[in-house]
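Student: My questions all concern the structure below.
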Amino acid sequence: VKIITASEEPRVLTALRGHSVTIPCPHNYTRPTVSVSHVEESSGPPILLCSAQDFYPEGIMQVWLRDGQPLNATQGNISANVDGSFSISTPLPLSSEHTEDVLYSCWVNHSTLSKPITASYNFSPTGDNTAVFKDLRIIATVCGVAFAVIVFGLVIVIRFTNFSKSTFFLKCVLF
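Take the sequence shown: its position 149, counting from 1, is numbered 149 in UniProt numbering, and each next residue is one higher.
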């Protein structure tokens with residue numbers, strides 16, 4: 001980059017006065033953050049969405065792959081973020097008969113990357129049941145701990161307090 005001084009080119013400086021000039025600086029370059037998500041809509045087929053967020057400079061390539069083979073999906077439009085970075089999301093509509101043994105991937109290449117990023121989406125063969133079972137395990141654990149605390153508290157209360165003869169039977173059962 002050559003810096004022009006007023007003494008060298010006064011006409012150029014006069015013409016540029018009042019205008020901003022944007023010069024990309026390598027220290028502002030930002031790698032994209034890539035993710036793939038599954039979107040279920042009430043009407044229409046399910047969609048996979050490949051998102052590349054917060055990258056700079058603007059140029060980027062985004063390609064959908066099915067089992068490693070490129071698909072003919074139209075790349076989404078790049079949008080500018082408030083901070084000067086860019087984002088893009090490319091949808092991939094799926095047929096209602098899509099099989100769970102197919103691997104869908106989003107391949108992204110950008111000038112800041114030493115090699116392209118590939119983000120994949122695996123359909124879970126059990127569907128959402130794993131989330132339900134995880135929640136049930138958490139609930140069972142919490143209930144078990146609460147029960148143990150109650151029993152321990154009762155033992156302590158009975159052991160260290162004076163009870164009337166009517167509680168003698170309870171003492172005998174617990175000890």
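Backbone N, C-alpha and C fix where the C-beta goes; we use that ideal spot for every residue, glycine too.
1. What residue from Thr141, Thr90 and Ile158 has the CA that sits closest to leucine 49's CA?
2. If you run the structure through DSSP and keep just helix, strand and coil, what is arginine 159?
3. For glycine 84, which residues of its own chain have a beta-carbon under 7 Å away from its beta-carbon, when the five flanking residues on both sides are left out?
4. Who pairs with leucine 65 in a beta bridge, going by DSSP?
5. Output the distance between the C-alpha atoms of histidine 110 and proline 32, rounded to the nearest integer angstrom.
6. For the region 114–123 and the region 35–46, state whether three or more C-beta atom pairs, one from each stretch, are separated by less than 8 Å.
7. If you follow the beta strand (DSSP E) that glutamine 53 is part of, which residue opens it and which one closes it?
8. Could you tell me the distance, in whole angstroms, from the CA atom of valine 82 to the CA atom of cysteine 106?
9. Measuring CB to CB, does tyrosine 104 end up less than 8 Å from tryptophan 64?
10. With DSSP collapsed to three states, give me the class of phenylalanine 123.
11. Measuring CA to CA, which of Ile158, Ile60, Phe86 and Leu154 is closest to lysine 115?
12. Have a look at threonine 74 and leucine 113 and give me their C-alpha separation to the nearest angstrom.
13. Nearest to glutamine 62 by alpha carbon, out of Leu94, Ile139, Val155 and Ile88?
14. Roughly how many angstroms separate the alpha carbons of serine 95 and proline 70, rounded to a whole number?
15. When you compare each of Gly44, Ser42, Ala80 and Ile47 to aspartate 54 by their alpha carbons, which one comes out closest?
16. Which value, in whole angstroms, describes the spacing of the CA atoms of residue 176 and isoleucine 47?
17. Who are the Cβ neighbours of isoleucine 156 in its own chain at under 8 Å, not counting the five residues just before and after it?
18. Could you check the C-alpha separation between phenylalanine 160 and isoleucine 139 for me, to the nearest Å?
Tutor: On the basis of the coordinates in this document:
1. The residue among Thr141, Thr90 and Ile158 with its C-alpha nearest the C-alpha of leucine 49 is Thr90.
2. Helix, per DSSP.
3. The beta carbon of glycine 84 lies closer than 7 Å to those of Tyr56 in the same chain, with the five residues before and after it left out.
4. Answer is Pro70 and Ser105, bridged to leucine 65.
5. The C-alpha of histidine 110 lies about 8 Å from the C-alpha of proline 32.
6. At 8 Å Cβ cutoff, the stretches touch.
7. Its beta strand (DSSP E) spans residues 47–55.
8. Distance between the alpha carbons of valine 82 and cysteine 106: 25 Å.
9. Taking 8 Å as the Cβ cut-off, tyrosine 104 and tryptophan 64 qualify as a contacting pair.
10. Judged by DSSP in its simplified three-state form, phenylalanine 123 adopts coil rather than helix or strand.
11. That would be Ile60, whose Cα lies nearest to the Cα of lysine 115.
12. Computed Cα separation, rounded: 22 Å.
13. Closest by alpha carbon: Ile88.
14. Roughly 17 Å separates the two Cα atoms.
15. Distances from the CA of aspartate 54 to each of Gly44, Ser42, Ala80 and Ile47 were compared; the closest alpha carbon is that of Ala80.
16. Outside the shown range of the chain, which is 1 to 175, sits residue 176, and nothing can be said about it.
17. Here isoleucine 156 has no same chain residue with a Cβ atom under 8 Å from its own Cβ, once five neighbours each way along the sequence are excluded.
18. If I take the Cα positions, the gap works out to 32 Å.
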